[in-house]
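Undergrad: Heads up: the sequence shown begins at 2 in the working numbering, then just goes up one per residue. In this text, a Cβ means the ideal position worked out from N, Cα and C, and glycines have one as well.
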Amino acid sequence: MVYTMKIKILKNYNEVINESYKVLSEYLTKKQDLVLGLATGETMIGLYSKMVDDHKKSGIDYSRIKTFNLDEYYGLQRNHAQSYYHYMNKHLFSKVNINEKNIVFPNTLSNVDASCERYNLALEENKIDLQILGIGSNGHIGFNEPKTSFKSKTRLVELDKTTRVDNSRFFNDLEEVPTHAITMGIENILSAKKIILIASGSEKSKAISKAIDGPVTELVPASILQRHPNVEVIIDIEAGKNLKGSMNYVK
Ligand code: F6R
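Quick look at the structure:
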């Protein structure tokens, strides 16, 4: 079976966020019990800010929406300034009328195996309607680093050195960046009904070209998205500058 990804290459970050929110807001307005897969990181900040603005303006109702976050650093308390729970609370959860019991997050502080098992079960019971993804400069999605099995599920992983270096910009120094995280696996991500992959800036251009123009390989986790039937890639010119145009996508 051959699937083709839909690719939108836009002028800049703002346009990428506007377009991504256009796709997302259709889901938010049409399906009140939406199951939404969320990512963190710098790229997503603009999107959360748009969600909050629109909630204030148009009163989009989040009370029945259920969210699953892709990943969380291992060993950070939820109130740690760099935990992904803290990030989500700061940028989205505290600013919309989401019901706390509908927020599903990897718990990295309890028994890890039991907590991953619970997460996988929750994902089986709640099929994600729309998964939002960023991409690492090494091609990771979630914290599924290069060489991750495409059959992987939620589990404890060791972070790549490149990821720790990239993310050290949010910490005081590299030493402070956790070495491990819990992440949804590739198989979990692929079971989402629709996926949007968002990227901006030239630091992402190599990863984007490998993911889209390159072969599907576990060395580039995002390349597996070529095999998903409903993926939309929304990027800016800088992130797309190495794309050659391939059989794998339609512009
Ligand atoms: C984080 C996540 C990661 C990020 C990626 C890009 O929840 O899923 O895969 O999306 O590392 O991060 P930024 O946007 O900071 O470049």
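Three-state secondary structure (DSSP) at Asn-253?
TA: A question about residue 253 goes unanswered here, because the residues of the chain that appear run from 2 up to 252.
Undergrad: Taking the beta strand (DSSP E) that Thr-68 belongs to, which residues open and close that run?
TA: Note, Thr-68: beta strand (DSSP E), 67-70.
Undergrad: Beta carbon of Glu-126, beta carbon of Ser-153: below 9 Å?
TA: The answer is no: Cβ separation not under 9 Å.
Undergrad: Verify the contact flag: Met-248, CB atom, against every heavy atom of ligand 1, threshold strictly below 8 Å.
TA: The answer is no for Met-248.
Undergrad: When the Cα atoms are used, what is the spatial distance from Ile-69 to Leu-244?
TA: Per the sequence shown, residue 69 should be read as Phe rather than Ile. Phe-69 and Leu-244: Cα-Cα distance of roughly 31 Å.
Undergrad: Using the DSSP secondary-structure output, state which residues sit across from Glu-239 in a beta bridge.
TA: DSSP output for Glu-239 lists no bridge partner at all.
Undergrad: Whole-angstrom Cβ separation of Asn-1 and Ser-116, contact assumed at under 8 Å?
TA: Any property of residue 1 remains undetermined from this structure, which presents the chain solely from 2 to 252.
Undergrad: Below 8 Å, is the gap between the Cβ of Met-302 and the nearest heavy atom of ligand 1?
TA: Given a span of 2 to 252 for the chain in the structure shown, any question on residue 302 remains unanswerable.
Undergrad: Quick check on DSSP: helix, strand or coil for Ile-209?
TA: Three-state DSSP puts Ile-209 in a helix.
Undergrad: Would you identify the three-state DSSP class for Ala-40, choosing helix, strand or coil?
TA: Ala-40: coil per DSSP, three-state reduction.
Undergrad: DSSP beta-bridge partners for Val-113?
TA: Its beta-bridge partners do not exist; DSSP assigns none.
Undergrad: Which class does Met-248 belong to by DSSP, given the choice of helix, strand or coil?
TA: If DSSP states are grouped into helix, strand and coil, Met-248 belongs with coil.
Undergrad: Just to confirm the assignment: which complete beta strand (DSSP E) runs, minimum length 3, are found wholly within the region 182-235?
TA: The qualifying runs are 195-200.
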